[in-house]
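Contents: one structure, followed by commentary.
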Amino acid sequence: MVTTSEARVEARFEELSNKRPFWEVAHEFVRKQPLGSAGLAIVALMIFAAVFAPILTPYDPELNSFEHMLTPPNLEFLLGTDQFGRDLLSRIIYGARTALFVGFTAAFIGSTLGLVLGVASAFFGGKFDLIFQRIMDILMSFPLIILALAVVAIFGTGIQNVIIAITIPFIPRCARVVRSSALAIREIPYIDAARANGFSNARIIMRHMVPNVMAPYLIMITAFVGQAILLEASLSYLGLGVQEPIPAWGLMLQGGAEEYAESAPWVAIWPGVAISLAVFGFNLFGDAVRDTLDPKLRSQ
Amino acid sequence: MWQYIFKRILLMIPTLLGAAILVFFLMRLIPGDVCEIRLAGTGLYVDQEQIDLCRQQLGLNEPMIVQLWDFISGYFTFNLGTSMWTGKPITYELGLRFQLSLQVAVMATVVSILIAIPLGTISAVRQNTWLDYFVRAFSIAGIAIPSFWLGILIILGLLITTQAWFGTPWMPPIEYVSPFKDPLGNLAQLIWPAVATGYRYSAVATRMTRSALLEVMREDYIRTARAKGLVEKLIINRHALKNSLLPVITVLGIEFAFLMGGLVVTEQVFNLNGLGKLFVESVLNKDYSLTQALVMVVVTVAVFTNFLVDIAYAWLDPRIRYA
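Chains as they are written, first to last, in the working numbering: chain A, 1 to 300; chain B, 301 to 623.
Next comes the structure, spelled out in structure tokens:
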């Protein structure tokens, strides 16, 4: 049963990656996953904004201009300005850089560590697995934001520490999922064959088991990017994340948003729209990736 | 069954113990301590002697292992001690906030049930139609919209609509009143944060309802019900929905556990004096004893809820047999 589902994932991978021309695959994806395609479009737009930020932005995102404080949206400032007279559109476009950097780094490091640890835990089994799973239990019983808060309190604020704070809670969540897939793979004869060949444990884990749990790993990564962006925004909103004057969406909501919400609602609205849209896009895309890669859910 | 329950209880002990050790050392990794913050936080020069005296009074100069033992033995004997920052008993500090956070958590759960079950059902019954896509997009948006921003929007919306309708802007009251004293005033304050968090938490439950219902709809007994000519409405309400709610209850249970601790950001927006706000304050003040107690309360609630959910699951579904 396991072998057939694995084979199906592999077949799906090949089907998606090389056999057919790109546009055909793309067309099928759009037809089968309309929501996922919308998500992909949002993600692509965000990456485009982040890469070409210097060309796209009309103003310097960190430039204060006291003549233009809290200007409502107009032709000069399309989304208006904040309480320091900084152009909101420019700050939001540059904010995509911060969000994507934190999102991708945290999701990639967290899932990759989880992947290696999860596979190792399944491979060694026994006492190691039992103790390792209890440690993961402990980390998972801490609500995400509380663990992140503690990490920021220890290392201080700033972008690297925010990434650390977000990465740590991801590790046990990914390790748990990967482990359950890896447990099934451990029982497949080719692992015995690899052992009989006298390969080292590290080689069996990295060369024979890890490639076979790529599907849950990819699903976890795409799911984590959105969560990481949201967590970064929450930490920055609490004043514990990215610090001024770096443009970050959560931070933009912290400073003036509540104070000026009534007289200058645009300060409170646009950064939130940016966060929601970005996370929405990644979640839609992540769902589509999961539907495509997970054979159990695909039949539904 | 009893053997399974016993085994689950035994497995809870290392988790709780591990969480206690983790929070103990995590707090002590944070540079500075409560004495330095309290005495030197104002920026004035302070004698080292004074700081030493303060540490002695709070027991911070004891060896780590003694402090750890005091904390863990205190936790298991329900003696949480006093807050290092305010000097008041921790049970007193917690009691005030616990009621508020518990109420918001319960209300948010009710909100999320009211959203999740009808929407999940519609989405499953009309699978792969535009209605289904809309519901799914709506629920994914629930996870995507940060609850603090939704909170800001709710407050903004309230201000603008009340201004337009009544001429004077109205804000939810800030002072907490017990629901037993003034139910309306209490509701006026807490319904908004409950909606903001409830919408977010409904997302997972909506998807769970949808996929569980889809699975049940393919069962043989549904075909039988259709074959004997039952109305579709009856099939869904009586046969399918009842059998698909089990995993939804599990998800709600697990989420409820995290709601208690996860209210940190929402409480900040609505200026509520709950556990989440207390937690942020206690971490910033490096109030070891209060932070430790708070984390243990949240973790204990989470671990016990998980346990109860597992037991309820085994109890309710006779097909599940735990050996």
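For glycine and all other residues, C-beta sits at the position ideal for the given N, C-alpha and C. These numbers were taken from a predicted model, which means no experiment stands behind them.
Query: Where does THR71 of chain A sit, in a helix, a strand or coil, going by DSSP?; Result: coil
Query: Please list, in chain order, the chain A residues whose beta carbon lies closer than 7 Å to that of GLY436 of chain B.; Result: One detail in the question is off: residue 436 of chain B reads as Arg in this sequence, not Gly. Chain A residues near ARG436 of chain B: LEU35.
Query: Measure the alpha-carbon distance for ALA319 of chain B versus ALA96 of chain A and round it to whole angstroms.; Result: 36 Å
Query: Name, going along the chain, the residues of the stretch 436 to 457 of chain B whose beta-carbon falls closer than 9 Å to a beta-carbon of chain A.; Result: ARG436, ALA437, ILE440, ALA441, ILE443, ALA444, ILE445, PRO446, SER447, PHE448, TRP449, LEU450, ILE452, LEU453, ILE455, LEU456
Query: Cβ closer than 9 Å: which chain A residues qualify as neighbours of PHE558 of chain B?; Result: PRO143, LEU144
Query: Tell me, which residues are paired with THR81 of chain A by DSSP?; Result: A:ASP87
Query: Considering only residues of the same chain and omitting the five flanking positions on each side of GLU567 of chain B, which have a CB-CB separation below 6 Å?; Result: GLY574, GLY576, LYS577
Query: At 3 residues or longer, what runs of the beta strand (DSSP E) sit wholly inside the stretch 469 to 515 of chain B?; Result: none
Query: Starting from PHE108 of chain A, find everything on chain B with Cβ-Cβ shorter than 9 Å and list it in chain order.; Result: The contacting residues do not exist; PHE108 of chain A stays about 20 Å from chain B at best.
Query: For the candidate residues B:TYR521, B:VAL406, B:PRO389, B:SER423, whose alpha-carbon lies nearest to that of MET508 of chain B?; Result: B:SER423
Query: Find out if the Cβ-Cβ distance for the pair ALA557 of chain B, THR605 of chain B is shorter than 8 Å.; Result: yes
Query: According to the neighbour-count rule (16 or more other Cβ atoms, all chains shown, within 10 Å of its Cβ), is VAL289 of chain A buried or exposed?; Result: buried
Query: Short of 7 Å in beta carbon distance, which residues of its chain neighbour LEU490 of chain B, apart from the five on each side in sequence? Order them along the chain.; Result: GLN403, VAL404, MET407
Query: Which same chain residues end up closer than 6 Å to ALA122 of chain A when comparing Cβ atoms and leaving out the 5 residues on each side of it in sequence?; Result: ARG179, ALA182, LEU183, ARG186
Query: Identify, in the order they occur along the chain, each residue of the same chain with its Cβ nearer than 7 Å to the Cβ of MET1 of chain A, setting aside the five sequence neighbours on each side.; Result: Residue confidence for MET1 of chain A is low, a pLDDT of 43 falling below 50, so the modelled location carries little weight and cannot support an answer.
Query: Quick check: what's the CA-CA separation for ARG500 of chain B versus LEU100 of chain A?; Result: 22 Å
Query: Check each residue of the stretch 532 to 559 of chain B: if its Cβ is closer than 7 Å to any Cβ of chain A, include it; give the result in chain order.; Result: PHE558
Query: ARG308 of chain B and PHE607 of chain B look like a contact to me (Cβ under 8 Å); what is the Cβ gap, rounded to whole Å?; Result: 6 Å
Query: Does any residue of chain B have a CB that is nearer than 8 Å to the CB of SER234 of chain A?; Result: yes
Query: What does the alpha-carbon distance come out to for the pair ILE109 of chain A and THR167 of chain A?; Result: 7 Å
Query: Under 7 Å between beta-carbons, which chain B residues line up against PRO247 of chain A? List them in chain order, please.; Result: Those do not exist, as PRO247 of chain A stays about 17 Å from chain B at its closest Cβ, beyond 7 Å.
Query: Kindly indicate the opening and closing residues of the alpha helix (DSSP H) around ASN361 of chain B.; Result: No alpha helix (DSSP H) contains ASN361 of chain B, which DSSP labels as neither H nor E.
Query: Residues of chain B with CB closer than 7 Å to the CB of PHE280 of chain A, please, in chain order.; Result: ILE440, ALA441, ALA444
Query: List the whole-angstrom C-beta distance separating GLY36 of chain A from PHE285 of chain A, where the pair is believed to meet the contact cut-off of C-beta under 8 Å.; Result: 6 Å
Query: Thinking just about the alpha-carbon of each residue, which of A:PHE84, A:MET220, A:ILE269, A:ARG203 is nearest to the one in ASP291 of chain A?; Result: A:MET220
Query: Please give the ranges of any alpha helix (DSSP H) in the stretch 83 to 143 of chain A, keeping only runs that are unbroken, at least 4 residues long and fully inside the region.; Result: 88 to 124, 126 to 141
Query: Does the beta-carbon of TRP385 of chain B have 16 or more other beta-carbons within 10 angstroms, so that it is buried, or is it exposed?; Result: buried
Query: Do THR591 of chain B and VAL411 of chain B have their CB atoms nearer than 8 Å?; Result: no
Query: Start and end of the alpha helix (DSSP H) containing GLU393 of chain B?; Result: 390 to 425
Query: Only counting the same chain, and skipping five residues up and downstream in sequence, which positions put a Cβ closer than 8 Å to that of ILE522 of chain B?; Result: VAL516, ILE535, HIS539, ALA540
Query: Could you pull out every residue in the same chain whose Cβ sits closer than 7 Å to the Cβ of LEU396 of chain B, ignoring the five residues on either side in sequence?; Result: none
Query: Check THR382 of chain B in the structure and name its three-state DSSP category.; Result: strand
Query: Taking three-plus beta-carbon pairs below 8 Å as touching, is the stretch 442 to 449 of chain B in contact with the stretch 475 to 485 of chain B?; Result: no
Query: Can you tell me which of the three DSSP states ILE246 of chain A falls into?; Result: coil
Query: Please check if any C-beta of chain B sits within less than 8 Å of the C-beta of SER276 of chain A.; Result: yes
Query: Determine the closest residue to LEU240 of chain A out of A:ILE204, A:VAL273, A:THR157, A:ASP287, with distance taken between C-alpha atoms.; Result: A:THR157
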